[in-house]
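Peer 1: Chains as they are written, first to last, in the numbering used here: chain Z, 1 to 108; chain P, 1 to 114.
Glycine is no exception: its CB is placed at the ideal position from the N, C-alpha and C atoms.
Computed from a predicted structure; not experimentally measured.
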């Protein structure tokens, strides 16, 4: 079992829709959870961090954490073509472990 | 005012050569990391240094040797390069402690071994 699992996609959504990205992790002792966005040929860029159960909102982004289900998600509201990228879920237990990423395509 | 910088951006070399990648951060962080992103885009940690001290050393061939002259710099030296070393190498930095493990990445170094 992979430590951090994501659906590789691609996830295609129309412009203006909500994109929902999901991630599960195996280490129950994990403390911190992150979403990174990576454009093709660029470095990962931190867009959200979440440390406790529930929702955390920042602009068009909402991160959701459920430690009991070992599940993290990222919602992107009013998706824009500029949101098209690979989204990496990262989980910190004693080191930062990345999922393989979900490719998001927003079609105008 | 680049936060995390790496040099060089591209590195093309032949098998058997030795090469180095340099990383510097001006964020005032005391922890730095090296990651490898392979052709399948999977990002995996290689090393972590906190205040010049090695704290994470993943299962990496000993041809890879990190060096941290001070907490703002972390270099990676690779001996006897192999074809499988071709990848993008990212440096990252963060604060140390429970309050934050947010890591910020440099632009990456694309290493191609021929």
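1) Is any beta-carbon of chain Z found at less than 8 Å from that of residue 107 (chain P)?
2) In whole angstroms, give me the CA-to-CA distance for residue 99 (chain P) and residue 48 (chain Z).
3) Using CA coordinates, which residue listed in P:30, P:40, P:63, P:37 is at the minimum distance from residue 48 (chain P)?
4) Spell out the partners DSSP gives residue 37 (chain P) in its beta bridges.
5) Can you confirm whether residue 132 (chain P), when its beta carbon is compared against all beta carbons of chain Z, has any partner nearer than 8 Å?
6) State the start and end residues of the unbroken beta strand (DSSP E) segment that holds residue 66 (chain Z).
7) So the candidates are Z:19, Z:18, Z:52, Z:60; which of them puts its Cα closest to the Cα of residue 33 (chain Z)?
8) Can you check DSSP and say which residues form a bridge with residue 54 (chain Z)?
9) Run through chain P and tell me which residues come within less than 9 Å of residue 59 (chain Z), C-beta to C-beta.
10) Would you say the segment 18-26 of chain Z touches the segment 78-85 of chain P, given that touching needs at least three Cβ pairs under 8 Å?
11) Are the beta-carbon atoms of residue 92 (chain Z) and residue 37 (chain Z) separated by less than 8 Å?
12) CB residue 37 (chain P) to CB residue 88 (chain P), shorter than 8 Å?
13) What separation, rounded to the nearest whole angstrom, lies between the Cα atoms of residue 96 (chain Z) and residue 94 (chain P)?
Peer 2: To lay it out plainly:
1) yes
2) The predicted position of residue 99 (chain P) is uncertain, since its pLDDT is 45 and thus under 50; a value taken from the coordinates is nonetheless stated next. Distance between the alpha carbons of residue 99 (chain P) and residue 48 (chain Z) is about 15 Å.
3) P:30
4) P:43, P:88
5) The shown model of chain P, from 1 to 114, leaves out residue 132 (chain P), and the question about it has no answer.
6) 61-66
7) Z:52
8) Z:65
9) Going along chain P, no residue has its Cβ under 9 Å from residue 59 (chain Z), so there is no contact; the nearest lies around 17 Å.
10) no
11) no
12) yes
13) 11 Å
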